[in-house]
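In short: position in the sequence shown from 1, add 376, done, that's this note's numbering.
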Amino acid sequence: MTSLAQAIRTFQSNGTSREEFLALVDRALSHESSREDATTARLIAVLHEEQARTPLPSDMFAAVRKRIEHASLASYGAVSDETRMQTFAADFGKAAASGSSPSSASRDFVMPQNDQTKEVGDTLNGRFVLEECLGIGGMGTVYKALDLRKLEASDRRPYIAIKVLNLQFRGNPKSLIALQREAKKAQALGHRNIVTVYDFDRDGPVVYLTMEYLAGQPLSRVLRAPDFKGMDYDRALPIFRGMANALAYAHERGFVHCDFKPANVFLTDTNEIKVIDFGIARVFQRPEEESDATVFDPGSLGAMTPTYASVEMLEHREPDPRDDVYALGCTTYELLTGRHPFDRVPANQARSAGSRPVRPAGLGARQWRALRMALSFDRETRMPSVARFLAEFDVSARSPTWRRPVMAVSAAALAAAAAGVYYYAAAHRDVKTEQAAVKPEVIPEVIPEVKPDTKPVQPLAVPTLAAISPVLASVPCAALAASLQGSSLSVQGFVDRAYGVQKLRDTLSRVAGVSSVEMHVQDVDADKCAVLAAVAPNYSANHTASLQTKDRVTQLTEGQPLVVDIKSPPYETWINIDYFQLDGSVVHLLPNTRAKDNQAPPDYTASIGQSGDWIVGKPFGAEMIVMLATPAPLFDTPRPDSEARADYLRALGARLHELELKYGRDKIAVDLVQIDTHARKH
């Protein structure tokens, strides 16, 4: 009898009609169901393996996938509740409460009353119109969708991506519970190289995820192109960096991807790298309070791809970041050579056969050593982390200077975030942030004229920042930064109106050696003192970040948009922008629930708010905007978009202290701008 693989190959080689092919598939599935190892996961794996060899048209692939799911559901209906429950839930580990009977456990499993699916042209929840099928993965089908709500609001980017989950996921509430939990956690992975997951919802029996829409193609399409024979190291490196940055970021937050492969890497039209399908990622560092959470095994429902799965994943062992290291190694090898390191044979079989990868032509010794370690079949001898893999494989990772980002970000990509900006992730996180080079002040030598019959003249006193800094720190309710050029002192910042700019000038003029004082200091009201006190030490120590309103206009009228221009310090940072309002609250402009990606490369410039995200309104008066650039994320968990100023400043002070102890005060850059808002004149 014909197997599923044979049916697909027959269609590919003989060019039979659609009807004949699907009839052949039905016969093959009927035959496959009689095998002892007949599982949906295996059949879907076969389908993906054949798709990798010679791709079927998208509509044909979807039709075969749907038939596999229908055949699977039909077979489940023919067995007892106990068997059905065991088939679906046993791999979840916690499917039924301890001590419950099979019958009570089986009542948790509710088969859908129909096998309703969604196709191009359908609408989800009266809001999302499915316009185009973008691809089909292990969990479901991805569509380009028009968000009618965005369209009504004249949003310039009304499209999103929607992943409609397949029937097998929808049929098991245990998988939905697990998936919903993991999808919520995936929403916290705000990184430039990770696709943004917006929400998890359902429309009747149809369950779906909404995500950012990406224009481009999956890496798998590049690798499967008939003429693709591999990339040289320099061309492959930016793609490798993007993939590695995404995985390293997820691992730092306790996530393992569990299904990393070329099909889950997306190359956008703007040359960005995005890792997708983090919705099924496993948490490998689960907090104690979540110890009773449903455990989701991605392999149990066909969400694992054997070709890129480690031996440990194939053995259903607990997830580990080194599983992703193996998958990244396979993908990188394929990127360099155009072929899988073990000819697409699963790792356990390749190990049994004694397979060894061949060194890619032209790859340096250090890079080959790193890649070979990543491809180890044994976790204990495998490259210990993605961050280490990146450091060993990237020839520039050990460079003593920061490098400009390789990937270009288009204006369209900048508009994708609610705040209007995307950031590029730097090479890796395990390398400690380098100390910014400070050129020594060049002080001209003072040679006094000495008359023969007089005593030597004492050299003039030379002012230093070390002498000036304590003076600035002693000024109450102020944030001040100083610079010297010879004996000329320049000061910028903010000072309490009650103290006054003139008094500050007089105080600084009395510092030994200061010949002149240039002031760029603004008066502020007393309500700004708490904000200035929180950031003043860092503002004085590091003023390499820049924040200003568009065209430097600080007088804004009701109804005007607030747009700010920023520049990051000359090293990798996380950017935070806070708006302190007169009513005692603070609004977090970046990051926030809609714009989570706030990582910036060295010397990066961007305009934020150009799409009209923030409009001037009541209350009116003098308000403060603060930019913080930190060497690590300012907070581990998202804060509410708006909160009480006192609560935020309390948390901010504690966190800045932690960062200073770890990285040094001079690695936290601060800039501020004060704006005056006014009611519209009628």
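Even for Gly, the Cβ is constructed at its ideal location relative to N, Cα and C. The model shown is predicted, which means the values in this text are computed figures rather than measured ones.
- When the beta-carbon positions are compared, residue 1043 and residue 1014 stay at least 8 Å from each other.
- Minimum Cα-Cα distance from residue 998 among the listed residues 898, 926, 1011 corresponds to 898.
- C-alpha of residue 1037 to C-alpha of residue 889: approximately 33 Å in a straight line.
- Inclusion of residue 996 and residue 1055 in the CB contact set at 8 Å is warranted, their separation being smaller than that value.
- By the neighbour-count criterion, in which a residue is buried when 16 or more other Cβ atoms sit within 10 angstroms of its Cβ, residue 527 is exposed.
- Rounded to the nearest angstrom, the gap between the Cα atoms of residue 683 and residue 969 is 36 Å.
- Relative to residue 872, the option among 498, 690, 1003, 903 whose CA is nearest is 903.
- A buried status is given to residue 596, since no fewer than 16 other beta-carbon atoms sit within 10 Å of its beta-carbon.
- Approximately 12 Å separates the beta-carbon atoms of residue 1032 and residue 1007; this is outside 8 Å, ruling out the contact.
- Its chain contains 943 as the residues whose beta carbon lies nearer than 6 Å to that of residue 981, once the 5 sequence neighbours on both sides are disregarded; these appear in chain order.
- Between residue 947 and residue 857, the beta carbon gap of about 18 Å keeps them out of contact (Cβ cut-off 8 Å).
- Residue 444 holds the alpha-carbon nearest to the alpha-carbon of residue 380 among 389, 444, 435.
- Secondary structure within the region 680-742: not one fully enclosed beta strand (DSSP E) run of 3 or more consecutive residues is present.
- In the same chain as residue 384, and ignoring 5 residues on each side of it, the C-beta atoms closer than 6 Å to its own belong to 426, in chain order.
- The alpha carbon of residue 540 has as its nearest neighbour, out of 503, 578, 534, the alpha carbon of 578.
- A Cβ-Cβ contact shorter than 8 Å links residue 592 with residue 643.
- The beta carbons of residue 954 and residue 1002 sit about 5 Å from each other, so the pair counts as a contact at 8 Å.
- In this structure, the CA atom of residue 624 is about 21 Å from the CA atom of residue 574.
- Cβ atoms of residue 950 and residue 974 come within 8 Å of each other, at about 5 Å.
- Apart from sequence neighbours up to five positions away, the residues of its chain that approach residue 388 with a beta-carbon distance below 6 Å are 430, ordered along the chain.
- The C-alpha of residue 768 lies about 42 Å from the C-alpha of residue 532.
- Residue 1052 sits in a strand when the DSSP states are folded into three classes.
- Checking the DSSP bridge columns, you'll see residue 519 partnered with 509, 538.
- DSSP, read as helix, strand or coil, puts residue 591 in coil.
- Leaving aside the five residues that flank residue 639 on each side, the residues in its chain whose CB is nearer than 6 Å to its CB run, in chain order, 594, 596.
- Secondary structure note for residue 952: its beta strand (DSSP E) is the uninterrupted segment 949-956.
- Rounded to whole angstroms, the Cβ separation of residue 1045 and residue 945 is 5 Å, and the two are in contact under 8 Å.
- In terms of Cβ geometry, residue 701 and residue 750 form a close pair [threshold 8 Å].
- Close CB contacts of residue 1022 within its chain, under the 7 Å cut and outside five residues either way in sequence, are absent.
- By the neighbour-count definition (other C-beta atoms within 10 Å, threshold 16), residue 929 is an exposed residue.
- Around the beta-carbon of residue 967, 16 or more other beta-carbon atoms lie within 10 Å, marking it buried.
- For residue 855 and residue 689, the gap between their C-alpha atoms comes out near 54 Å.
- Residue 572 and residue 922 have their C-alpha atoms some 27 Å from each other.
- With respect to the 8 Å criterion, residue 870 and residue 1048 are classified as neighbours on the basis of their beta carbons.
- Each of 852, 1039, 881, 850 was checked against the Cα of residue 865, and the nearest Cα belongs to 881.
- DSSP, read as helix, strand or coil, puts residue 570 in strand.
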